[in-house]
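Contents: one structure, followed by commentary.
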Amino acid sequence: MRCQYCHNPDTWEMETNKSQLRTVDDVLQEALRYKGFWGNKGGITVSGGEALLQIDFLIALFTKAKELGIHCTLDTCALPFRNTPRYLKKFDKLMAVTDLVLLDIKEINEEQHKIVTSQTNKNILACAKYLSDIGKPVWIRHVLVPGLTDRDDDLIELGKFVKTLKNVDKFEILPYHTMGEFKWRELGIPYKLESVKPPTADRVKNAKELMQTESYTEYMNRVHSN
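The numbers in the UniProt record's numbering rise by one with no breaks, and the one at position 90 of the sequence shown is 90.
Here is the structure:
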């Protein structure tokens, strides 16, 4: 995707002069350096860019991590997801070694989603439904961008969609910020949201109320049960 508010545009290209080839052992050894900070409730989270673009590597990484007793979280926008037998064969292997999925739903309205990301949201919503069907714990996340992803009608519809899912432990509003804007300038890419400021506390509160995000508290039960 090409989200207008992306804070990692430097990950859009798979190969650059800064790219590095890393093995599963390389990544695990680097992660294990921080194991002392995890306590009994931490682990590794793989994000991006888009982690599902390297699903074979993810399967290998999470499989080895689980052998070491490490909690594994996937942070994804789910655009690469395909509801086909061939894709699901790999996806199911990944889910078998994944403890938690952080799923970004950028926008529920398909036409607005195309404006925000340049892509349809069909695969993303299909992935959300599939994760619900298999009972994989999920945190839904929505970035609130003034004038772009904060329309009341769309927030209400997103809230309704999330209510149809049976596996949502947490539903988060992530207020838009400008911390990644400098990367756009460094890459020479025009930043369309240059004049957009983070949402006010009132707008964040409004979004939470419209989507009833605070009713999703299962993640707290999981934390206290561990």
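Positions of the beta carbon are idealized from the N, C-alpha and C atoms, including for glycine.
Boundaries (first-last residue) of the alpha helix (DSSP H) holding residue i
i, result
"Glu-209", "201-211"
"Tyr-87", "85-96"
"Leu-21", "Neither: Leu-21 is in no alpha helix (DSSP H) and is coded neither H nor E."
"Phe-81", "No alpha helix (DSSP H) holds Phe-81; DSSP gives it neither H nor E."
"Leu-165", "Taken as a continuous stretch (DSSP letters only), Leu-165 belongs to no alpha helix (DSSP H), as it is neither H nor E."
"Ala-60", "55-67"
"residue 248", "Outside the shown range of the chain, which is 1 to 226, sits residue 248, and nothing can be said about it."
"Thr-178", "That residue, Thr-178, is in no alpha helix (DSSP H); it is neither H nor E in DSSP."
"Thr-117", "110-117"
"Lys-192", "Segment: none, Lys-192 is in no alpha helix (DSSP H) and carries neither H nor E."
"Lys-35", "35-38"
Bridge-paired residues (DSSP) for residue i
i, result
"Val-46", "Leu-74"
"Asp-153", "According to DSSP, which records beta bridges pairwise, Asp-153 is partnered with nothing at all."
"Val-145", "Answer by DSSP bridge pairing: none, since Val-145 is not bridged."
"Asp-104", "Arg-141"
"Phe-171", "Ile-140"
Environment of residue i [buried if 16+ CB atoms lie within 10 Å]
i, result
"Tyr-191", "buried"
"Asp-150", "buried"
"Pro-199", "buried"
"Ala-207", "buried"
"Ile-108", "buried"
"Gly-159", "buried"
"Tyr-176", "buried"
"Ala-51", "buried"
"Thr-213", "buried"
CB of residue i within 9 Å of CB of residue j, strictly
i, j, result
"Gly-43", "Cys-72", "yes"
"residue 235", "Glu-172", "Since the first residue of the chain shown is 1 and the last is 226, residue 235 is not available in this structure."
"Ile-105", "Phe-57", "no"
"Ser-215", "Leu-165", "no"
"Ala-128", "Val-138", "yes"
"Arg-119", "Leu-148", "The residue asked about is misnamed: residue 119 is Gln in this sequence, not Arg. No; because the gap between Cβ atoms is not below 9 Å, this pair is not in contact."
"Leu-53", "Leu-28", "no"
Nearest-angstrom Cβ-Cβ length linking residue i and residue j, presumed shorter than 8 Å
i, j, result
"Ile-59", "Lys-90", "7 Å"
"residue 228", "Thr-76", "There is simply no residue 228 to check, as the chain begins at 1 and stops at 226 in what is shown."
"Val-24", "Lys-64", "6 Å"
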